[in-house]
Ligand code: GRF
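In our numbering, the protein residues as written are 218 to 438.
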């Protein structure tokens, strides 16, 4: 038997014994970030317990279906207040008792109560180099501002919209021929690499929110 074959049962047993963290992923659209997390879930010690979308036309729901992941639609248009919508989403999330709540292109603003409830275990991905360009249309705004570089940030979610402590960023150069579409494509490539990596830090217990700061391996980021 080749030597590498002998260690296979050990690797398999180690993986089975290591505790996978349970994650709930919230989406609103294409779900390409969701897909990158699905594809790497086994390598980043994550099991995706469910996917929640606030839009029925979100292709991410099909991605969840194809991957055999339970998925729920909670349409914000069916609720007459942000609070009622948040409570409905929260009720679903809590059924799965997740260790981590992953916002992956979820385009709704939460109430403070919701942000506080999951504070310390809710991450968001934002397509800009925060604190620059919080909010929407980040790629066009970066171009209009004459930026030379742009990128993506992953941060803990706190009560400030796109304002929680940044954990990691990835940069791309802006070149003269870029438009919002080409820039979005370049940034998405970085998003798909960075988000699973940061989630892995969390599932390994290396990443925490402490005293309002993101802390990795005991050091404030
Ligand atoms: C990404 O650019 C993400 O940073 C932003 O919304 C987009 C979602 O893309 N918040 P996808 O649905 O993951 O393809």
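In this text, a Cβ means the ideal position worked out from N, Cα and C, and glycines have one as well.
Note that this is a predicted model, so its numbers are computed, not measured.
Legend entry - Beta carbon of residue 321 nearer than 7 Å to that of residue 242: yes
Inset, instruction - Assign residue 345 to one of two classes, buried (16 or more other C-beta atoms within 10 Å of its C-beta) or exposed (fewer than that). - result: buried
Legend entry - beta strand (DSSP E) segments (min. 3 residues) lying fully within the segment 249-313: 263-270, 288-290
Legend entry - Distance between beta carbons of residue 254 and residue 371, contact taken as under 8 Å: At roughly 12 Å, the Cβ-Cβ gap does not stay under 8 Å, so residue 371 and residue 254 are not in contact.
Inset, instruction - Take the Cβ of residue 270 as the centre, count every other Cβ of all protein chains shown within 10 Å, and call the residue buried at 16 or more, exposed below. - result: Under this definition residue 270 is a buried residue.
Inset, instruction - With distances taken Cα to Cα, identify the nearest neighbour of residue 373 among 364, 385, 365. - result: Of the candidates 364, 385, 365, the residue whose Cα lies closest to the Cα of residue 373 is 385.
Inset, instruction - Have a look at residue 275 and residue 288 and give me their C-alpha separation to the nearest angstrom. - result: Here the alpha carbons of residue 288 and residue 275 stand approximately 11 Å from one another.
Inset, instruction - Determine the contact status of residue 239 and residue 311, defining contact as a CB-CB distance below 7 Å. - result: Against a cut-off of 7 Å, the Cβ pair of residue 311 and residue 239 comes out as no contact.
Inset, instruction - Check whether the Cβ of residue 250 sits closer than 6 Å to any heavy atom of the ligand GRF, and report yes or no. - result: yes
Legend entry - Beta-carbon proximity of residue 364 to residue 391, cut-off 7 Å: yes
Inset, instruction - Can you tell me which of the three DSSP states residue 399 falls into? - result: helix
Legend entry - Inter-residue spacing [alpha-carbon to alpha-carbon] between residue 244 and residue 393: For residue 244 and residue 393, the gap between their C-alpha atoms comes out near 32 Å.
Legend entry - alpha helix (DSSP H) segment containing residue 334, residue limits: Start and end: 329-334.
Inset, instruction - For residue 437, count neighbouring Cβ atoms within 10 angstroms of its own Cβ and tell me buried if that reaches 16, exposed if not. - result: exposed
Legend entry - N-terminal and C-terminal residue of the beta strand (DSSP E) that residue 425 is part of: 424-427
Legend entry - Near the ligand GRF: residue 344 beta-carbon under 6 Å from a heavy atom: yes
Legend entry - Validate contact between the segment 324-340 and the segment 257-266 using beta carbons, cut 8 Å, 3 pairs: no
Legend entry - For residue 434, the first and last residue of its enclosing beta strand (DSSP E): Segment: none, residue 434 is in no beta strand (DSSP E) and carries neither H nor E.
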